[in-house]
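There are 2 protein chains.
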Amino acid sequence: MGEFELLARVRERLPPPHGRVRVGSGDDAAVTVPGGATATSVDALVEGVHFSRDGTGLGQAGSKALAAALSDLAAMGAEPGEAYVVLTVPPGLDEDACLEAVDGMVAMAESTGTTLAGGDVTRGPVLSFAVTVVGHASTPERFVRRRGARPGDALVLTGEIGAAAAGLLLPGLDVPALAAPTAAALRRRQLEPVPRLAAGRALAGAGATAMIDVSDGLGADAGHLAAASEVGLRIDAEALPLAEGVAELAAALDRDPLRLAVSGGEDYELLAALPPRGLDLVGLGEAAGVGMTRIGEVVAGAGVEIRLPGGRKLEPAGFDHLG
Amino acid sequence: MGEFELLARVRERLPPPHGRVRVGSGDDAAVTVPGGATATSVDALVEGVHFSRDGTGLGQAGSKALAAALSDLAAMGAEPGEAYVVLTVPPGLDEDACLEAVDGMVAMAESTGTTLAGGDVTRGPVLSFAVTVVGHASTPERFVRRRGARPGDALVLTGEIGAAAAGLLLPGLDVPALAAPTAAALRRRQLEPVPRLAAGRALAGAGATAMIDVSDGLGADAGHLAAASEVGLRIDAEALPLAEGVAELAAALDRDPLRLAVSGGEDYELLAALPPRGLDLVGLGEAAGVGMTRIGEVVAGAGVEIRLPGGRKLEPAGFDHLG
Numbered sequence: 002m003g004e005f006e007l008l009a010r011v012r013e014r015l016p017p018p019h020g021r022v023r024v025g026s027g028d029d030a031a032v033t034v035p036g037g038a039t040a041t042s043v044d045a046l047v048e049g050v051h052f053s054r055d056g057t058g059l060g061q062a063g064s065k066a067l068a069a070a071l072s073d074l075a076a077m078g079a080e081p082g083e084a085y086v087v088l089t090v091p092p093g094l095d096e097d098a099c100l101e102a103v104d105g106m107v108a109m110a111e112s113t114g115t116t117l118a119g120g121d122v123t124r125g126p127v128l129s130f131a132v133t134v135v136g137h138a139s140t141p142e143r144f145v146r147r148r149g150a151r152p153g154d155a156l157v158l159t160g161e162i163g164a165a166a167a168g169l170l171l172p173g174l175d176v177p178a179l180a181a182p183t184a185a186a187l188r189r190r191q192l193e194p195v196p197r198l199a200a201g202r203a204l205a206g207a208g209a210t211a212m213i214d215v216s217d218g219l220g221a222d223a224g225h226l227a228a229a230s231e232v233g234l235r236i237d238a239e240a241l242p243l244a245e246g247v248a249e250l251a252a253a254l255d256r257d258p259l260r261l262a263v264s265g266g267e268d269y270e271l272l273a274a275l276p277p278r279g280l281d282l283v284g285l286g287e288a289a290g291v292g293m294t295r296i297g298e299v300v301a302g303a304g305v306e307i308r309l310p311g312g313r314k315l316e317p318a319g320f321d322h323l324g
Numbered sequence: 002m003g004e005f006e007l008l009a010r011v012r013e014r015l016p017p018p019h020g021r022v023r024v025g026s027g028d029d030a031a032v033t034v035p036g037g038a039t040a041t042s043v044d045a046l047v048e049g050v051h052f053s054r055d056g057t058g059l060g061q062a063g064s065k066a067l068a069a070a071l072s073d074l075a076a077m078g079a080e081p082g083e084a085y086v087v088l089t090v091p092p093g094l095d096e097d098a099c100l101e102a103v104d105g106m107v108a109m110a111e112s113t114g115t116t117l118a119g120g121d122v123t124r125g126p127v128l129s130f131a132v133t134v135v136g137h138a139s140t141p142e143r144f145v146r147r148r149g150a151r152p153g154d155a156l157v158l159t160g161e162i163g164a165a166a167a168g169l170l171l172p173g174l175d176v177p178a179l180a181a182p183t184a185a186a187l188r189r190r191q192l193e194p195v196p197r198l199a200a201g202r203a204l205a206g207a208g209a210t211a212m213i214d215v216s217d218g219l220g221a222d223a224g225h226l227a228a229a230s231e232v233g234l235r236i237d238a239e240a241l242p243l244a245e246g247v248a249e250l251a252a253a254l255d256r257d258p259l260r261l262a263v264s265g266g267e268d269y270e271l272l273a274a275l276p277p278r279g280l281d282l283v284g285l286g287e288a289a290g291v292g293m294t295r296i297g298e299v300v301a302g303a304g305v306e307i308r309l310p311g312g313r314k315l316e317p318a319g320f321d322h323l324g
């Protein structure tokens, strides 16, 4: 299998480029006309580090690689635009398997309105994806950064947390309290995350002062937002929206479900700070197609405090994956 | 070594972002204000495929990874803008070694006016770089594509070819005919390529109708330009600018120097088609700081013909590196 032949077969599978893309894959570079300002982020998914081919389908790996990168654009409130991918192909992975991974990316691209505008294929020891995504806005000020949260702002979390961590722990466990469909849903949240692009734009439109995706765990990413904004965050542990089945799984492992949920990564939900006045989370959630929960507030000071009933505090487990 | 700590140390080494970049590394995404239209390309450099740590310094590897990506922007006639890098770190490579690779990239970025605007660090089995570069122009039409060459156009090549291939073959060889400084220059062309950004812009400004970088070898890349433009290319083998020392090395290996030069990749020179009327290659070359040679012409038809004296034809060796 040669580089040129595989790239040609990949190109055949790509949908036609969208409006901003004037030249798609196949020239020395892709040509686009951006929408005033761009937000660009990169992410990598490496076999043996972020996934195993035993547990993850190739299409799922491709889809997740793109979803993880797009989640950063969601956290900026960006309109998704283009994606560029370096696909590293290990010995023994045949062309059809490569195309299965590409098809997973294509499906995620189509469902999010992203154009796969360019890429490269290289040999390497393990399957990996390095993805660059570009999102758009009319002006740079439209993007929501990690800095900008102000004391008094409400803290809002999209969706539910803990599912991806629970889905990672599930394989091989026997948890009778967990119904099969619930267990399957937890696995899907781990293997097939969906970037919260509509929610990100809705929150940006509602005046979010700061935003981040909680890909490294709510505890860690709340800390990043607090540090960048030079504020403190006070989170009400009882308000946290735990995904269905997380409590049962945590019980089976004799672990605290809340601690599991705030420490585990890969939920790809968004944490935003917004002025509380007139905040309509029900309306925002309906517009974005995902629940939104007020989980706390921004305060003067520094750091993240996750409060339990009775004045106790929840300490997230350390989370620092090189990757 | 954790991801966050290493990224923090990387960020300390990055020069401040340039004009177009409003938010550099450290948020969910970098924010830029592009110049009307963008050209975006990706490239990868993988240990064991494209380089070995035995033969290549870490700084050289970092510099070459960025240079190879920027060469694609040169071939579009783009103004270099931003670069985004996924650095994969193998077990046993310590933080200082990672930073040496980063320093190589920083030096290449500085010398070309590129901003390292974002990146990611991940673990993986071998050292690798996946680089996305973004270049700018006022309108999408300003970029020069592979298609567009017209019969009657002159074919122009920047610089000299064969040096990178010769530099790859050199280690371990004893070539008495090759002076030490010449041999060292050949090695540098292999290990420390320089993207022809100024030349690309000069050729675009002079009305280039089509352009490509000859990273896969002049023979192969001329074929790509011919196919994209739906024309034939006629190249005069005797006009080809061979780098100093290529003839001596080829003689020592009993190989044809011209065939070596047109088949070997990684020269990162530019091949452009331009209307011949009023073409001032001396002036263009002086403006761009690199020699420019007229090596042939565009003709009706298809394919690439490299003509030798006496009507014979030179067939490039096959070149298809998956990488």
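Protein chains in written order, with the numbering used here: chain A, 2 to 324; chain B, 2 to 324.
The C-beta atom is built at its ideal place from N, Cα and C for all residues, glycine as well.
- Within the same chain, I296 come within 6 Å of A240(B) by CB-CB distance, once the 5 residues on both sides are set aside.
- Close partners of A31(A) in chain B (Cβ separation under 8 Å): A40, T41 and S42.
- According to the DSSP assignment, G286(B) belongs to the alpha helix (DSSP H) that extends over L282 to A289.
- The beta-carbon of G265(A) is placed no less than 8 Å from the nearest beta-carbon of chain B.
- Listed in chain order, the non-local C-beta contacts of A228(A) below 7 Å within the same chain number zero, local neighbours out to five positions each way being set aside.
- Of all residues in the segment 124-135 of chain A, only R124, G125, P126, V127, S129, A131 and T133 come within less than 7 Å of chain B when Cβ atoms are compared, listed by chain position.
- Close to R14(B), with beta-carbon spacing below 9 Å, lies no residue of chain A; the smallest spacing is near 18 Å.
- V215(B) places its beta carbon less than 8 Å from that of E270(B).
- At the C-beta level, G82(B) and T115(B) come within 8 Å of one another.
- Taking the Cβ atoms as the reference, G120(B) lies roughly 7 Å from V87(B), within the contact range of under 8 Å.
- Annotation for A209(B): V145, A273 and L275 place their beta carbon closer than 6 Å to its own, counting only its chain and skipping 5 residues before and after.
- At a cut-off of 8 Å between beta-carbon atoms, P141(A) makes contact with chain B.
- Of all alpha-carbon atoms in V127(B), G163(B), R14(B) and E13(B), the one lying nearest the alpha-carbon of L261(B) is that of G163(B).
- With respect to A165(A), A289(A) sits apart: the two C-beta atoms are not nearer than 8 Å.
- About 41 Å separates the beta carbons of A205(B) and R124(B), which is beyond the 8 Å limit, so they are not a contact pair.
- Within a 10 Å sphere around the beta-carbon of D222(A) sit 16 or more other beta-carbons, which makes this residue buried.
- Residues of chain B whose Cβ lies closer than 8 Å to the Cβ of M106(A) do not exist, since the nearest Cβ in that chain is about 14 Å away.
- DSSP, read as helix, strand or coil, puts S53(B) in coil.
- Collapsing the DSSP output to three states places D175(A) in coil.
- An exposed status is given to V283(B), since fewer than 16 other beta-carbon atoms sit within 10 Å of its beta-carbon.
- The segment 171-180 of chain B makes no contact with the segment 95-115 of chain B, as fewer than three CB pairs between them are under 8 Å.
- Close to V299(A), with beta-carbon spacing below 8 Å, lies no residue of chain B; the smallest spacing is near 18 Å.
- Judged by DSSP in its simplified three-state form, T89(A) adopts strand.
- In the three-state scheme derived from DSSP, where H, G and I count as helix and E and B as strand, V34(A) is classed as coil.
- The closest CA to that of A211(B), considering only E6(B), R235(B), T140(B) and L156(B), is found on L156(B).
- Closest by C-alpha distance to L179(A), out of L158(A), A253(A) and V299(A), is A253(A).
- Excluding the 5 residues flanking it on each side, G56(B) has same chain C-beta neighbours closer than 7 Å at P172, in chain order.
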